[in-house]
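Engineer: Going by this note's numbering, the sequence shown opens with residue 431, and the numbers climb by one from there. Note that CB positions come from ideal geometry on N, CA and C, so glycine has one too. Because the structure is a prediction, the values reported are computed rather than measured.
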Amino acid sequence: MKNALAILLILIALIVVPAGALEYEDKPNLAISSITVFKKTIQQTLPTDRVERGENLVSISVYNNAQMKNLKYENEQEAMFFSDESAIFTAYKIKIELIGDEDIEVLTPAFEIPAMKPMQRETLTFIVKVKENAKSGEHELKLKSTFYRIDSVDMTPFGEMLVPKSFSITESYLVTQIANKTISNTTSYEYKLKLQEYEITFIEVENEIPVKLRVEDRVKLEVVEVTQSEILSLGKGEIRMKIRNAGDYNAEKAYLVLKMPAGFEVSGKIEQSTSTIPMQMYAMYGLTSTISQSSTSSSETTVYIGDLPAGGYAETTVRFKVKTGEAGNYTLRVKLYYLDEFGNVKESNEVPIGVKVGEKPKIKIEGIESGVYVNSAGKVVLKFTSSTNLKDVSVKLSTSDPLSVLSSENYIGDLEAGKSYTAVFTVKASSWAEAVVYPAEVVLKFKSVDEYFELDPLKVGIAVNPKIELLVEDVAEINAGDEKIVTFTIKNAGNLTLRDATARITIVDPFSSTDDSAYIGDLAPGASVEAKFKLSVDREATPKLYALNLEVKYKDAQGNWAYSEPVKALINVKPAQFPYHLLALIGIAVIVVIVVYMKRRK
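Okay, structure coming up:
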């Protein structure tokens, strides 16, 4: 009976007592317990709050920091309604998103959590992308959350409910007047009770928690200084660079990778204070398939740097050939491979380096003069200009029969663009050469950095002048049996000056000579000179006109000895004369004898 009455009292109390707003001190709220950052691709945990350029995974542990204390109910009905008090301190319908800044982009959308009870934790992992040009240092992101918490419970009647008749009260009492027995009387009751509805009011809560991430350049490659030589198409170039580790960590056992643009080829040793990267390091890095192990003849090369501390510098020089014929601006790219503090292979940011390539040198032939004669050596003077400045230039001339080059290479030195230069060669034409223009090739060689390059051959023509032409203008006369000095007038009918010339006559029967040559000195074109020879003719020689060969030995324009083609020297041999001079001698002798005899008789 007492239990039934208690239930009735509670039901009646629910009808008449309204509920009010809940009062409690430590309302539900979200807080951050920890932040862990690790690289997405390597899965290596980094120190808390530090991110690198590129994509990172940022795990943020959030929890409901409500502690379920100092809760005040408006009435007993509220206390009975919230039999599980944690419901009051629970955050409902939670939405959490991470908001980036101008340098850090959050790639993960907002998380939605149905509810978090007091002190319940959830770990949320966000993908954040740090821009390559993000400034180093501390960045403040925001962890924005919205959720709902219970504010009040309202209970009001909304209808009637019939209590079943089985709900009854049985009364028993003892009757003693008639008989000693107990009489039980059961009375059934039927009640109509007013039921109540409840309405829970929620309040939306917005919250922002600062998330401070520090952007650190683990190893940041900076090219602080670049010096390049004058680089020409189809030549060689040299770039000297000074690099710096501008990051916050040391790069251990680092080496520099240089990638050449298309048309470039690494050439020559790279000047470096340390040795070239040891072969065993490639196996250590596991990069033998992607990193060139040669420092020559490749579009990619490596330079071992060693340990490069944060803020440290290193210098290196790379030399390369430019195989492209196109001038313009090209890009060389460099990056570092290194070991981090955990022993993992890492690579730095890639840094572009601009390379300016000038036009391929163009040589213009301004003129060519030939002093070459048939069967003679002469000078070939070549005048030319260059479109670009060139170092250590020499010019080579090549020919084929019937020409031969006696001095094939002419050293010029450094060339200045647009300035006229002269190259002089010695060329000889054979005796069977003709007075025509013969083809030849000119090749210009220049030095680029530490190597010589040749430009494409240029076609030129070398004119061969007619052979030396000499004329003998006189006809000498001599009597058979006589010995006489004969004189011939020799004329230079050609265009070449004969220097230190000597005429020589070829002696044949019936002639003889004790002096068959005559020095005539220099003989300019058109000039004549007399040559004297001492000849004897056999007394039995047939009187007639004889022709002896006469040639001239001379020095050409280059100071080389040369010989003219033989010309005919005509000699008219006359009959032998009676020896009147002998008779005269005899007469003189007779007179002398007579004079001597007469003197003795006296």
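(1) Expressed to the nearest angstrom, what Euclidean distance is found between the alpha-carbon atoms of S703 and F855?
(2) Residues in its own chain within less than 6 Å of E482 by CB, not counting five upstream and five downstream?
(3) Given this structure, state the Cα-to-Cα distance separating V1020 from R1031, to the nearest angstrom.
(4) Quick check on the burial criterion: 16 or more other C-beta atoms within 10 angstroms. Buried or exposed for P548?
(5) Sort I1024, F556, V645 by Cα distance to N563 and report the nearest one.
(6) Compute the distance between the beta-carbons of Y768 and A676, then report whether it is under 7 Å.
(7) To which residues of the same chain is G848 closer than 7 Å at the C-beta, ignoring the five residues directly before and after it?
(8) Skipping 5 residues on each side, what residues in its chain have a beta carbon closer than 6 Å to that of N494?
(9) Within 10 angstroms of the Cβ of T731, are there 16 or more other Cβ atoms? Answer buried if so, exposed if not.
(10) Taking the continuous beta strand (DSSP E) assigned at T731, which residues delimit it?
(11) Indicate the three-state DSSP secondary structure (helix, strand or coil) for M546 in the structure shown.
(12) With which residues is E970 paired in a DSSP beta bridge?
(13) Figure out for me which residue from E995, I529, S516, E515 has the closest Cα to the Cα of S806.
(14) Candidates K962, Q1007, Y803, G788: which alpha carbon is nearest I1001's?
(15) Give every residue of the same chain whose Cβ lies closer than 7 Å to the Cβ of N840, excluding the five residues on either side of it in the sequence, and list them in chain order.
(16) For G801, which of V558, D479, S463, G924 has the nearest alpha-carbon?
(17) Which partner residues does Y493 have in the DSSP bridge list?
(18) Please state the DSSP three-state secondary structure of R929.
(19) Beta-carbon separation of K858 and L836 under 7 Å?
(20) Tell whether a beta-carbon distance below 7 Å holds between E638 and K574.
(21) Helix, strand or coil for G484, going by three-state DSSP, please let me know.
(22) Touching or not, the region 911 to 922 and the region 962 to 972, by the rule of three or more beta carbon pairs under 8 Å?
(23) On a CA-only basis, which of V879, Y984, N979 is nearest T932? Give me that one, please.
(24) Can you check whether the CB of Y760 is closer than 7 Å to the CB of K897?
(25) Taking L662 and P782 to be in contact with their CB atoms under 8 Å, please state how far apart those CB atoms are, rounded to whole angstroms.
(26) Report the three-state DSSP secondary structure of V748 (helix, strand or coil).
(27) According to the Cβ coordinates, are K672 and E780 closer than 7 Å?
(28) For the beta strand (DSSP E) that contains E881, what are its first and last residues?
(29) Given that a residue counts as buried once 16 or more other Cβ atoms are within 10 Å of its Cβ, and exposed if not, what is I1018?
(30) For the ligand SAH, is there any heavy atom lying closer than 6 Å to the beta carbon of K523?
(31) Is Y803 helix, strand or coil when you go by DSSP?
(32) I need the boundaries of the beta strand (DSSP E) containing Y841, first residue and last residue.
(33) In the structure shown, what three-state DSSP assignment does I518 receive?
(34) Report the option in R480, N922, E682, K974 whose CA atom is closest to the CA atom of L901.
(35) With G784 as the anchor, note down where its beta strand (DSSP E) starts and where it stops.
(36) Going by CA-CA distance only, name the one from I490, W862, N909, E799 that's closest to F556.
Structural biologist: To lay it out plainly:
(1) For the purposes of this step, residue 703 is taken as the residue at position 273 of the sequence shown. For the purposes of this step, residue 855 is taken as the residue at position 425 of the sequence shown. With a pLDDT of 37 at S703, under the threshold of 50, the predicted position of this residue should be treated as unreliable, and no value is reported.
(2) For the purposes of this step, residue 482 is taken as residue 52 along the sequence shown, with counting starting at 1. These residues qualify, in order along the chain: R648.
(3) On the sequence shown, position 590 is the one that residue 1020 refers to. On the sequence shown, position 601 is the one that residue 1031 refers to. Cα to Cα, the separation comes out at about 17 Å.
(4) Taking the sequence shown and counting its residues from 1, the one referred to as residue 548 is at position 118. Buried.
(5) Here residue 563 refers to the residue found at position 133 when the sequence shown is read from its first residue. The shortest C-alpha separation from N563 is found at V645.
(6) As a working note, residue 768 is residue 338 in the sequence shown. As a working note, residue 676 is residue 246 in the sequence shown. Against a cut-off of 7 Å, the Cβ pair of A676 and Y768 comes out as no contact.
(7) To locate residue 848, count along the sequence shown from 1; it is residue 418. Closer than 7 Å at the Cβ level, and outside the excluded window around G848, lie T815.
(8) Here residue 494 refers to the residue found at position 64 of the sequence shown. Taken in chain order, the residues that qualify are P458, A521, M546, P548, Q550.
(9) Position 301 of the sequence shown, counted from the first residue, corresponds to residue 731. Counting Cβ neighbours within 10 Å, T731 comes out buried, since at least 16 surround it.
(10) On the sequence shown, position 301 is the one that residue 731 refers to. Its beta strand (DSSP E) spans residues 730 to 738.
(11) Residue mapping note: residue 546 aligns to position 116 of the sequence shown, counting from 1. Of the three classes helix, strand and coil, the one that applies to M546 here is strand, per DSSP.
(12) By 1-based counting over the sequence shown, the position of residue 970 is 540. According to DSSP, E970 bridges with nothing at all.
(13) The sequence position of residue 806 within the sequence shown is 376, counting from 1. Checked all of E995, I529, S516, E515; the closest Cα to S806 is E995.
(14) In the sequence shown, the residue the question calls residue 1001 occupies position 571. Measuring from the Cα of I1001, the nearest candidate turns out to be K962.
(15) Reading the sequence shown from its first residue, position 410 is the one you call residue 840. Around N840: S824, V825, A853, V854, F855.
(16) Start at 1 with the first residue of the sequence shown, and residue 801 comes out as number 371. Measuring from the Cα of G801, the nearest candidate turns out to be G924.
(17) Counted from its first residue, the sequence shown places residue 493 at position 63. BP columns for Y493 point to A461, R551.
(18) Here the question's residue 929 lines up with position 499 in the sequence shown. Residue state, collapsed to three classes: strand.
(19) As a working note, residue 858 is residue 428 in the sequence shown. As a working note, residue 836 is residue 406 in the sequence shown. Cβ atoms of K858 and L836: closer than 7 Å.
(20) Against the sequence shown, residue 638 aligns to sequence position 208. Against the sequence shown, residue 574 aligns to sequence position 144. Their beta carbons are under 7 Å apart, which means E638 touches K574 by this criterion.
(21) The residue you call residue 484 lines up with position 54 of the sequence shown. G484: strand per DSSP, three-state reduction.
(22) yes
(23) Counting from 1 along the sequence shown, the entry for residue 932 is found at position 502. If we check each option's Cα against that of T932, Y984 comes out closest.
(24) In the sequence shown, counting from the first residue as 1, residue 897 sits at position 467. In the sequence shown, counting from the first residue as 1, residue 760 sits at position 330. Contact: no.
(25) In the sequence shown, the residue the question calls residue 662 occupies position 232. In the sequence shown, the residue the question calls residue 782 occupies position 352. Contact flag wrong, Cβ pair sits at about 22 Å.
(26) Working through the sequence shown from its first residue, we reach residue 748 at position 318. Three-state DSSP puts V748 in a strand.
(27) Taking the first residue of the sequence shown as 1, we reach residue 672 at position 242. Taking the first residue of the sequence shown as 1, we reach residue 780 at position 350. Taking 7 Å as the Cβ cut-off, K672 and E780 do not qualify as a contacting pair.
(28) To locate residue 881, count along the sequence shown from 1; it is residue 451. Start and end: 881 to 884.
(29) Locating residue 1018 in the sequence shown gives position 588, counting from the first residue. The residue in question, I1018, is exposed, as its Cβ has fewer than 16 Cβ neighbours within 10 Å.
(30) With respect to small molecules bound, the structure shown includes none, and the ligand SAH cannot be examined in it.
(31) The count along the sequence shown starts at 1 and reaches residue 803 at position 373. Looking at Y803 - three-state DSSP - the assignment turns out to be strand.
(32) Walking along the sequence shown from the start, residue 841 turns up at place 411. Segment 839 to 845, the beta strand (DSSP E) holding Y841.
(33) As a working note, residue 518 is residue 88 in the sequence shown. Coil, per DSSP.
(34) Numbered from 1 along the sequence shown, position 471 holds the residue referred to as residue 901. The shortest Cα separation from L901 among R480, N922, E682, K974 belongs to N922.
(35) As a first step, residue 784 must be located in the sequence shown, where it is residue number 354. Run containing G784: 781 to 787, per the beta strand (DSSP E) assignment.
(36) Residue 556 sits at position 126 when you count from the first residue of the sequence shown. F556 has its Cα closest to that of I490, out of I490, W862, N909, E799.
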